[in-house]
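A.B. asks: Numbering (the numbering used here), first residue to last: 522 to 589. Glycine is no exception: its CB is placed at the ideal position from the N, C-alpha and C atoms. All values derive from a computational prediction rather than experimental measurement. Structure below; questions to follow.
If you want it as structure tokens, here you go:
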């Protein structure tokens with residue numbers, strides 16, 4: 522990657538820096554999209570886990586004899 526950016530800078534300094542900043546911006550946007558997707562997936566898993574924990578708690582309460 523650095524050699525690719527180096528050739529951009531060697532060919533033309535101004536357009537090389539423009540390409541470099543565009544490269545950084547594109548990969549930053551991709552990283553943000555993936556971060557949002559991963560975050561939403563973990564939130565979904567968290568609610569599923571809470572639901573399972575609640576079900577386990579209720580079933581244990583029934584076995585012990587608490588009906589509240």
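1. Could you please give the first and the last residue of the uninterrupted alpha helix (DSSP H) stretch that includes residue 533?
2. Determine whether the beta carbon atoms of residue 548 and residue 540 lie at a separation below 8 angstroms.
3. Can you tell me the Cα-Cα spacing of residue 550 and residue 580, whole angstroms?
4. Look at the alpha carbon of residue 533 and the alpha carbon of residue 553, and state the distance between them as a whole number of angstroms.
C.D. replies: So, from the data block:
1. It is not in any alpha helix (DSSP H) - residue 533 carries neither H nor E in the DSSP assignment.
2. No, the pair does not count as a contact, with Cβ atoms beyond the cut-off.
3. Taking the straight line from one Cα to the other gives about 45 angstroms.
4. When rounded, the separation of the alpha-carbon atoms in residue 533 and residue 553 is 30 angstroms.
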